[in-house]
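Colleague:
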Amino acid sequence: MRVAAKSVCSGTSSIAIAPLTFIVAFALTLASSHATSDSSVTESDQQLVEENFQCSTGLTTKGVTIPKGDVVVLYGNPLEMFCKLNPQETDLTAESLVFYNNSQRVDPEHLQIINSTTLRLFIEKPEPSFSWYYCKLITPLKNGTLTEDNVCLNQVSIGFKPKEVTNFTCLSYNWESLNCTWDISYNPVKTSYSLRYLLPSRNIERFPYPCPDIGDNNNIDKKSCYWDKSTKVLYRLPFEIYYFRMLVSNPLGKITQNITFKHYAHVIPAKPVDLSFVNKTADAVTIQWQVSYPMLTFPPGLVQRVEYRSQWDKDEPWQVADTSHLSRKSKHYVLTIRNLKYPHSKYDIRVFMRSADAIGNYSWSEPSTLTITTLSTVPAAPPKLTPGCFELVDSYNNEIYNTRDIYIYWQQLPERMHNGDNFSYRVKQLDPDTGEESELFANETSPSFARFRDFPREATHLKIYSINSEGYSKNGSYIFIPSAIDYVPEPLAFTKMLLEQEGHFSLTWKKPQMKNVEVTGYTIYWCENNNERPYPCKGYLDWVDVPNDTFNYSIAVPSDTIYQFAVSAQTTSLSSNLVWASCTIIRNQVSKIKNLWVTDVGSTYIVLNWKLECSDRVGQITGYLVQYCEAKEPGFPICKDNNATTMRVPDTEPAKGNITGLNPYKTYLLSVAILMTNDEKGVFSKALVFPTLEGAPSSPPRDISVSAVTNTSVALTWLPPTKEQRNGILQEYRININNATEVRVPVNGTDELEQLQPGTVVVEDLLSFTTYKVSLKACCARDQCSHYSPPISFSTLTGKPGAIDSIQRETRNGSKVLISWNPPAYRGGPINYYELMIRTSKGSNQPINSSIISGLNKTEKYLEEKCDEDEVSSTMYYYYVRAVNIDDDDNISYYGNWSKAADHSCHTKGFPKSVIIVIITSFTIILIGLIGYLGKRTWTWVNTKFFASLGVKLPPGLDPPKREANKESAEFCPYKHGFLVPEKMIIDGYKIDAPPDQELLLVKKPSVEFLGDGDGDSSGCSSAHESVSSSITSGTHISDSGTEADHRAESPDGVFIGLSPDLQRRIAEPALPTAATAYCKVGESRASDPASRGYVSHSMPLPPAAIAPPKPVVVVPPMPTAMGYVMAGNPDMLGHV
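When you read off a place in the sequence shown, starting at 1, and then add 352, the result is the number in the working numbering.
If you want it as structure tokens, here you go:
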């Protein structure tokens, strides 16, 4: 609180009390400035230090490296560098210096301390490299740790002298630009490449032409150069020879490389333009194209190349048309390509060009391409067949059997020979006498056969044609069908036997029973088909002829396709119909079963059914063998570990087997074989691939680990069960926590990659400083879950403790009290210590004082309650306790909540002596003030009534000045032109005239000087400085309880923080009033200022009894509870009025 003495307009002054804090602040400022002046160095010395220890221009650091700048070393030479500290910048020595090569610290064996400020780096033979070497200073910090500060750095290149470029090649595209490229050798030292060319002339050395895009600084490691008509250095078209000169240089040397370049041999034309066809037929096409600008005038001319290929020859090399007769300097070309093999077929044609001077095949232009389709024509040929390509089947549709069904088989014509759209086959009947042909309409047709039902049993001559949209093939394939009487019997007992090797068959038959007819040979047929017999062959039919003494034929066909086999017998003039093998027999074994299917499946069982075929070829069945195994991979029909299980199943109807004990979610191969009466075993059927359903994983999650443990959470990671252990598609994981809580974590994704992803989850809302046991299990569909994994334990970190339930207070020995409590039920940590807060209050409207006792290691504390007998009112004591945990790793303190208060009232008896003294003192001051006031009133009356009646005659020169009355208003401040002219004075409500001598005493002086400690305006008219200073120096003290304490003077630091230095000076040293500011002007109305009506206004603060000043509002930012005061020096904590 700022205190100022009271002053009046009469000029009487009294002493003002100056703030002591202002004097202290001024002394500290002088001491600071003196210390600064003693530690300064001369400007010239400082400049010299900076020049010697600049790591780079304008950058002064704690040291330098020598040599400065970039360092280039020839490979094989040593690398030597020095790092020197600046003693003006640091007190550390060279022992704290280290070198780094990029991010790798240099081994100490390459370092040597030269003196206290210099460290030497020496590497005898460093490897070729480009790197940055850093010199760093290891600096200790106040907290005991070390940090590395950069001192200086150098770019170090260890490499080779310049070398000649390799693979120098220049290509001109379409005689419009020239692009040269080359390869450079590895060199860590930055090397520049400068290319120029010279043209043949008398002064060949006089006009070198540089690479247009190489400047002074952009030719480092350059590998190409480009010229055209738009570059700064033009591309020179008409010169056949270029002489190139390559200058290679780096800090280790330079070389010049001369290269002679044949220009025209390296010009690559643009692709031909306007490629199109002029005409086409079924076996020829005429095309045309043109040469693009500017190759029309290319001196050597152009060589043409035409290639073509049909859609049927995609895997064959391109065929090259003859272009030797074409001119090299023509603008327009026309070429006919003849002898094309395939009508109605697409041909891709491409045309290239190259320079006539070019060598090799690398300089051809890009091709122009064209696709055309040759015209259609009749099929190239009829289908192929043999005399035995027919099958006779009795129809039995009437009693006399006068008709039969005939199947005619043929070999399909390849698609490339169809020669047109709407391709098919037609059968015509031939009249042998007239040669006329009539078309027959088959009852069933396919690409490989035609079936005619109820065909006459007489002999028939047939011809088979190919046909398309253009017509029939020129010729037809002839076949004779003998009559039912003259037919040749087919071979007997035709059998197909599968050998041990897949795809290998043994075909056997017997000689047909014929009299007086000699068999001249046999024909073996095989047909690729999707099904076995009795389905007719619809695929590609092929055959082979064997001698008549052959009754066994071995054949190999692809094992992944079904093939049907047949045989026919030939005589000198006729052929029998072919006969198909209806079953597959295994050597020394019975037939195999082909039809298998599954009727029921679970996670551990499969019910398999099957059906017999070719049962007429086997003997009596006694049972079956079911063989099964787990597949190596889904869709891969190979047993895992080559291990299969066989079970015997009795003969039942329907035939089935229940396979149990299988693994869940696995693919199995299932196969069945027949058991005969003599225990002869048939061959196992082709394996049926079928999976079991999902089951519970056989193993829980693996490699469970915890990480990122905090006081309330933990991160769990784990690996899923292996593929063999999963037994299905994982749906979720279930986490058991302390056998009390189960958390479910879904699995995102069902594909194999997502199923193999490690699991991770963050479990939150855990209790601090608590040990947990966690176990996991994996679950598939239908709640099929594994057992829980072995539990793993972890403990959460220290956290916030719980609140203490209650506090006990016991009085011991008068004023001694024992405060005790129990630890909190929830500790949250080791409870490092307790804090006890004591709050006292002397009444409901009195401020509350707080204090905190910290670091209590016990659950009790002895205290003393001071019940002062001098106090009138009782003192309330409130006790609060909280626990505190400390996390030693992170150095974090966790404070629990304060407990409920334990309170106690301290009562006193009698009337305190201090109160009595205060009352007496106050009464005495009031009495003295009252006597002074009455005396002043009496003295004033005497002056106005008695002395004013006395006349005083003054000497010449002392006459009072003329008065100027303010006729407009009596409410004025009687000052004008610097003179005090009181027209009337108002004192305590009375208007009096001032005597002439008093007027002279009030005449304004040229200057006024004030002495003493007063800080107010002694004239009674204070300046604006007083109100500003008064407002700023007013402060408010806030206690821990939040109540407002007494006003007290702030220190200068607390008052002036945040103000400009000029304003601080003006507030701290108030300016004395001057003649221009110490008086009011006569005649000026102050109607807007209520305080000036009828009085001379001044800014002296009134006593508290007259006017209560407004209380200041202090904005206090949040601060710790233990801080019970507004901190000086923080601008945000200044009070605002």
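C-beta: ideal position from N, C-alpha, C; glycine also.
Can you give me the C-alpha to C-alpha distance between residue 1129 and residue 1014, rounded to a whole angstrom?
Modeller: Looking at the two C-alpha atoms, the distance is approximately 22 Å.
Colleague: Considering only their Cβ atoms, is the gap separating residue 710 from residue 680 smaller than 8 Å?
Modeller: No, the pair does not count as a contact, with Cβ atoms beyond the cut-off.
Colleague: Decide if the segment 1179-1186 is in contact with the segment 1202-1219; the criterion is three or more beta carbon pairs, one per stretch, under 8 Å apart.
Modeller: The segment 1179-1186 is in contact with the segment 1202-1219.
Colleague: Under the rule that 16 or more other beta-carbon atoms within 10 Å means buried, what is residue 814, buried or exposed?
Modeller: So residue 814 counts as buried.
Colleague: Considering only DSSP beta bridges, list what residue 788 is partnered with.
Modeller: Bridge partners of residue 788: none, in fact.
Colleague: Give me the Cα-Cα distance between residue 447 and residue 437, rounded to the nearest whole angstrom.
Modeller: About 11 Å.
Colleague: Please report the distance separating the alpha-carbon of residue 1150 from that of residue 494.
Modeller: For residue 1150 and residue 494, the distance between alpha carbons rounds to 27 Å.
Colleague: Closest by CA to residue 665, which one among 758, 684 and 698?
Modeller: Minimum Cα distance to residue 665 is reached at 698.
Colleague: Please report the distance separating the alpha-carbon of residue 544 from that of residue 647.
Modeller: Rounded to the nearest angstrom, the two C-alpha atoms are 36 Å apart.
Colleague: For the structure I just gave you, are there three or more beta carbon pairs, one from the segment 515-532 and one from the segment 573-581, closer than 8 Å?
Modeller: Yes: at least three Cβ pairs fall under 8 Å.
Colleague: Kindly indicate which three-state DSSP category residue 580 falls into: helix, strand or coil?
Modeller: Residue 580: strand per DSSP, three-state reduction.
Colleague: For the alpha helix (DSSP H) that residue 853 lies in, which residues bound it at each end?
Modeller: Where residue 853 is concerned, there is no enclosing alpha helix (DSSP H), given that its DSSP letter is neither H nor E.
Colleague: May I have the straight-line CA-CA distance separating residue 1023 from residue 948, to the nearest angstrom?
Modeller: The straight-line gap from Cα to Cα measures roughly 8 Å.
Colleague: State the start and end residues of the unbroken alpha helix (DSSP H) segment that holds residue 1105.
Modeller: Looking at the DSSP string, the run of the alpha helix (DSSP H) that includes residue 1105 is 1104-1107.
Colleague: Considering only residues of the segment 726-780, which uninterrupted beta strand (DSSP E) runs meet the minimum length of 3 residues and lie entirely inside it, listed in chain order?
Modeller: 742-746 and 755-761, all fully within the segment 726-780.
Colleague: Taking only three categories from DSSP, how would you classify residue 461?
Modeller: Of the three classes helix, strand and coil, the one that applies to residue 461 here is helix, per DSSP.
Colleague: Quick check: the Cα distance between residue 1351 and residue 1282, rounded to an integer number of angstroms?
Modeller: Confidence in residue 1351 is poor, its pLDDT being 44 and thus under 50, which makes the residue's placement unreliable; the coordinate value appears in the next sentence. Whole-angstrom Cα-Cα distance: 30 Å.
Colleague: Please classify residue 1134: does DSSP put it in a helix, a strand, or coil?
Modeller: Looking at residue 1134 - three-state DSSP - the assignment turns out to be helix.
Colleague: Using the beta-carbon count (16 or more within 10 Å), is residue 929 buried or exposed?
Modeller: Classification of residue 929: buried, given that the 10 Å Cβ count is 16 or more.
Colleague: Determine the direct distance from the alpha carbon of residue 476 to that of residue 425, and round the result to whole angstroms.
Modeller: For residue 425 and residue 476, the distance between alpha carbons rounds to 11 Å.
Colleague: For the beta strand (DSSP E) that contains residue 436, what are its first and last residues?
Modeller: Unbroken beta strand (DSSP E) run through residue 436: 431-437.
Colleague: Spatial neighbours of residue 775 within its chain, please: CB distance less than 6 Å, with the 5 preceding and 5 following residues excluded, ordered by chain position.
Modeller: So the qualifying residues of the chain are 820.
Colleague: Measure the alpha-carbon distance for residue 489 versus residue 510 and round it to whole angstroms.
Modeller: Whole-angstrom Cα-Cα distance: 25 Å.
Colleague: Can you have a look at residue 1233 and say buried or exposed, based on whether 16 or more other CB atoms are within 10 angstroms of its CB?
Modeller: Residue 1233 comes out buried.
Colleague: Name the DSSP beta bridge partners of residue 492, please?
Modeller: The partner list for residue 492 (beta bridge, DSSP) reads 498.
Colleague: Just grab the DSSP bridge partners of residue 1171 for me.
Modeller: According to DSSP, which records beta bridges pairwise, residue 1171 is partnered with 1161 and 1213.
Colleague: With three or more C-beta pairs closer than 8 Å as the rule, is the segment 1160-1174 touching the segment 1130-1147?
Modeller: The segment 1130-1147 vs the segment 1160-1174: no contact.
Colleague: Using CA atoms only, rank isn't needed, just tell me which of 548, 685 and 696 is closest to residue 299.
Modeller: Residue numbering for the chain in the displayed model covers 353 to 1489; residue 299 lies beyond these limits and cannot be assessed.
Colleague: Looking at the secondary structure, which residues open and close the beta strand (DSSP E) in which residue 1084 lies?
Modeller: Looking at the DSSP string, the run of the beta strand (DSSP E) that includes residue 1084 is 1084-1089.
Colleague: Pick out whichever of 1158, 1077 and 1153 has its Cα sitting closest to the Cα of residue 1178.
Modeller: The shortest C-alpha separation from residue 1178 is found at 1153.
Colleague: How should residue 916 be labelled, buried or exposed, when 16 other C-beta atoms within 10 angstroms of its C-beta is the threshold for buried?
Modeller: Classification for residue 916: buried.
Colleague: Taking just the CA atoms, how far does residue 1200 sit from residue 1373?
Modeller: For residue 1373, the pLDDT reaches just 36, beneath the cut-off of 50, and the residue's location in the model is therefore unreliable, although a value from the coordinates is still provided. If you take the alpha carbons of residue 1373 and residue 1200, they lie about 42 Å apart.
Colleague: Measure the C-alpha to C-alpha separation of residue 1380 and residue 1270 and round it to an integer number of angstroms.
Modeller: A caution first: residue 1380 carries a pLDDT of 34, below 50, which makes its placement in the model too unreliable to give a value.
Colleague: Counting only the same chain and skipping the five closest in sequence on each side, list residues whose C-beta sits under 6 Å from that of residue 913.
Modeller: For residue 913, where only same-chain residues beyond five positions count, the Cβ hits under 6 Å are 880.
Colleague: Decide if the segment 855-871 is in contact with the segment 886-894; the criterion is three or more beta carbon pairs, one per stretch, under 8 Å apart.
Modeller: Segments in contact, no.
Colleague: Beta carbon of residue 845, beta carbon of residue 729: below 8 Å?
Modeller: It is not a contact, given that the beta carbons lie outside the stated cut-off.
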